[in-house]
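In this note's numbering, the protein residues as written are 71 to 397.
We put the beta carbon where it would ideally sit given N, CA and C, even for glycine.
Working notes, structure below.
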């Protein structure tokens, strides 16, 4: 039953996330940064109301809690019905081609080209056509991999923080109530900084890449210093700095991806990025828990996460080098 729930609920949660973020990028050709910052605040709000899940479990049990959470998620279907077609219609694109009517016959040159194609070429064209259906074309662009490197590592580190931060705080001697207080403070920081930084980028007060750079350094520094943080207020400060910067970086990653690959490719780009995240989380998501089992603490695990959160700096450097060579 657990596997069935994962395979059914997993796509139901991920697909609306991808489509809503991509549609935001397509609908809002102006003020996109501000809109994205507001539209993606659900992460912070969800973390604030995370204790509500425990209340539902205690009150209604697993079945009742899952039914209520599923009912809350039903609003996504209503939002989908209310959406209008994207303003970026096919007629407005440079690559738009009119459909040939059935009365028009293909030219003799096209027929001869098809006849002279080798079986290998036909197979290659068929594979390429299928790849285009699944959005594989975006994977052949260097810009996609630069954006994917930033996004995948950002989401990987953020997910593991959510999973292991409360056990880490409890291993430091804090109570469960205090650990939840830390995550609530982190969620408030996420909510505020996400909107604030996105609005500053949207208004031109802060450069996108500079904001990404600052957010990455803040996240890495907070994780690297966490093993030496033991007091209550320092734990709150560390959580706010990390998760606030993480929230800002989440919005900035979407803006960065849209700028690199374009609004029309956002569905394909976000889909492949989330697939990469899933693969990495399945392969390495157990690492902090395994390190705790081997060493008896999470210090090494969070230091490793801090180093991983700094790796996207390489992508910003690579993009700068590529742009300089093109210039």
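My output table needs one value for residue i: the three-state DSSP class, helix, strand or coil.
i: residue 154; result: coil
i: residue 166; result: Because the pLDDT of residue 166 is 44, which lies under 50, any placement of that residue in the model is unreliable, and the number read from its coordinates should be weighed accordingly. In this structure, residue 166 counts as coil in the three-state DSSP scheme.
i: residue 211; result: coil
i: residue 242; result: coil
i: residue 134; result: helix
i: residue 291; result: helix
i: residue 411; result: Nothing in the structure corresponds to residue 411, since the chain is present only between 71 and 397.
i: residue 251; result: helix
i: residue 379; result: helix
By Cβ distance, which residues of its chain are closer than 8 Å to residue i, with the 5 residues on each side in sequence left out?
i: residue 258; result: 114, 118 and 310
i: residue 285; result: 267, 315, 316, 318, 319 and 322
i: residue 379; result: 223, 224, 227, 286, 289, 290 and 293
Determine the extent of the alpha helix (DSSP H) in which residue i is found, giving its start and end residues.
i: residue 388; result: 383-396
i: residue 92; result: 72-97
i: residue 358; result: 357-365
i: residue 274; result: Unbroken run through residue 274: none, as it is neither H nor E.
i: residue 119; result: Residue 119 -> no alpha helix (DSSP H), and no H or E assigned at all.
So, is the C-beta of residue i closer than 9 Å to a C-beta in chain B?
i: residue 262; result: Note that chain B does not occur in the displayed structure, where there is just one protein chain.
Restricting to Cα atoms, I'd like to know which of the options is closest to residue i.
i: residue 289; options: 228, 92, 339 and 303; result: 228
i: residue 301; options: 338, 263, 255 and 244; result: 244
i: residue 351; options: 110, 208 and 230; result: 230
i: residue 108; options: 148, 324 and 151; result: 324
i: residue 87; options: 126, 366 and 345; result: 345
i: residue 327; options: 389, 299, 72 and 376; result: 389
i: residue 234; options: 347, 373 and 275; result: 373
i: residue 304; options: 256, 246 and 391; result: 256
i: residue 281; options: 265, 296 and 295; result: 265
i: residue 368; options: 242, 387 and 261; result: 242
Ordered along the chain, which non-local residues of its own chain (more than five positions away) have a Cβ less than 7 Å from that of residue i?
i: residue 98; result: 105
i: residue 80; result: none
i: residue 299; result: 305 and 308
Give me, in chain order, the residues of the same chain whose beta-carbon lies closer than 6 Å to that of residue i; leave out the 5 immediate sequence neighbours on both sides.
i: residue 371; result: 358 and 361
i: residue 337; result: 92
i: residue 272; result: 101, 103 and 104
i: residue 127; result: 135
i: residue 263; result: 314, 317 and 318
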